[in-house]
Amino acid sequence: MSRVTVASPVAGDALPMSQVPDPVFAEAMVGPGVAVMPEDGRQDAVAPIGGTVVTLHPHAFVVADADGKGVLVHLGIDTVKQKGEGFTVLVAKGDTVRAGQPLITWDPEAVRAAGYSPVVPVVALDASAEALSSLLTDGRVAAGEQLFVWS
1 MSRVTVASPV
11 AGDALPMSQV
21 PDPVFAEAMV
31 GPGVAVMPED
41 GRQDAVAPIG
51 GTVVTLHPHA
61 FVVADADGKG
71 VLVHLGIDTV
81 KQKGEGFTVL
91 VAKGDTVRAG
101 QPLITWDPEA
111 VRAAGYSPVV
121 PVVALDASAE
131 ALSSLLTDGR
141 VAAGEQLFVW
151 S
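The numbering of the sequence shown is the UniProt record's numbering, which starts it at 1 and goes up by one.
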């Protein structure tokens with residue numbers, strides 16, 4: 001199988017997934033990964049890997065590579081309740097994107113002001129925890145910088 005370097009979709013502070021205030025993510029029910037507490041201010045969420053946009057909502061997206069490895073990025077917790085307000089989608093479902101390409105513009109401060117956590121889970125879908133290595137779970141991370149490697 002291929003090795004995929006998964007990059008941070010946003011700039012901020014890396015956190016273990018267990019610190020996400022939602023049990024679906026914290027208990028890795030959808031898959032293992034790393035979370036990022038984003039910097040404040042309007043910013044672009046970028047593709048964590050190159051591939052095809054297979055799922056797209058204003059608050060979340062999945063990019064899958066040619067081998068079918070899908071990475072879920074969820075912009076904040078319970079942000080589906082914002083019904084897209086404050087999120088600008090820059091691509092369409094089915095688009096081929098490169099790692100680091102801006103996919104959605106959003107404002108973590110506006111998410112916080114609406115009463116939600118702006119933390120961004122980055123999940124390796126259908127992966128085992130053992131398949132991930134080099135996990136960055138603390139410290140600053142730039143958008144496009146490696147979060148983990150998926151083998």
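Every residue, glycine too, gets a C-beta built ideally from N, C-alpha and C. Keep in mind it's a predicted model, so treat the numbers as computed, not measured.
Using 8 Å as the threshold, is the segment 132-140 in touch with the segment 73-86, meaning 3 or more CB pairs across them?
The segment 132-140, when compared against the segment 73-86, does not touch it at the 8 Å Cβ threshold.
Cβ distance (whole Å) where Met17 is taken to contact Ala11 below 8 Å:
Locating residue 17 in the sequence shown gives position 17, where the first residue counts as 1. Locating residue 11 in the sequence shown gives position 11, where the first residue counts as 1. Actually they are not in contact, since the Cβ atoms of Met17 and Ala11 sit about 19 Å apart, beyond 8 Å.
Within the chosen definition, does the segment 104-118 reach the segment 143-151 through at least 3 CB pairs nearer than 8 Å?
Touching, no.
Kindly identify the DSSP beta-bridge partner or partners of Leu56.
Position 56 of the sequence shown, counted from the first residue, corresponds to residue 56. Answer is Phe61.
Beta-carbon separation (whole angstroms), Val120 vs Pro9, contact threshold 8 Å:
Sequence index remark: in the sequence shown, residue 120 carries index 120 (1-based). Sequence index remark: in the sequence shown, residue 9 carries index 9 (1-based). So it is a contact: roughly 6 Å between Cβ atoms.
Determine the direct distance from the alpha carbon of Ala99 to that of Asp65, and round the result to whole angstroms.
Translated into the one-based positions of the sequence shown, residue 65 becomes position 65. Translated into the one-based positions of the sequence shown, residue 99 becomes position 99. Between Asp65 and Ala99, the C-alpha separation is close to 10 Å.
Taking the alpha carbon of Ala129 as the reference point, which residue from Val149, Ala113, Ser117 has its own alpha carbon closest?
In the sequence shown, residue 129 corresponds to position 129, counting from 1. In terms of Cα proximity to Ala129, the closest of Val149, Ala113, Ser117 is Val149.
Could you have a look at Phe25 and say whether DSSP puts it in helix, strand or coil?
What you label residue 25 is simply residue 25 of the sequence shown in a count that begins at 1. Here Phe25 sits in helix by DSSP.
Inter-residue spacing [alpha-carbon to alpha-carbon] between Val46 and Gly115
Along the sequence shown, one-based indexing puts residue 46 at 46. Along the sequence shown, one-based indexing puts residue 115 at 115. One C-alpha to the other measures close to 24 Å.
I want to check one thing, is the minimum distance from the CB of Thr105 to the heavy atoms of the ligand GTP below 6 Å?
Because no ligand of any kind appears in the structure shown, any question about the ligand GTP cannot be addressed here.
From Val20 to Leu125, what distance separates their C-alpha atoms?
Walking along the sequence shown from the start, residue 20 turns up at place 20. Walking along the sequence shown from the start, residue 125 turns up at place 125. When rounded, the distance between both Cα atoms is 17 Å.
In three-state terms, what does DSSP make of Arg112?
As a position in the sequence shown, residue 112 is number 112, starting the count at 1. In the three-state reduction of the DSSP assignment, Arg112 falls in the helix class, which pools H, G and I.
Quick check: what's the CA-CA separation for Gly33 versus Ala7?
Here residue 33 refers to the residue found at position 33 when the sequence shown is read from its first residue. Here residue 7 refers to the residue found at position 7 when the sequence shown is read from its first residue. Approximately 11 Å between the Cα atoms of the pair.
Please report the Cβ distance between Thr5 and Thr52, rounded to the nearest whole angstrom; I am assuming they are in contact, meaning their Cβ atoms lie under 8 Å.
Here residue 5 refers to the residue found at position 5 when the sequence shown is read from its first residue. Here residue 52 refers to the residue found at position 52 when the sequence shown is read from its first residue. Thr5 to Thr52, Cβ: 17 Å. No contact.
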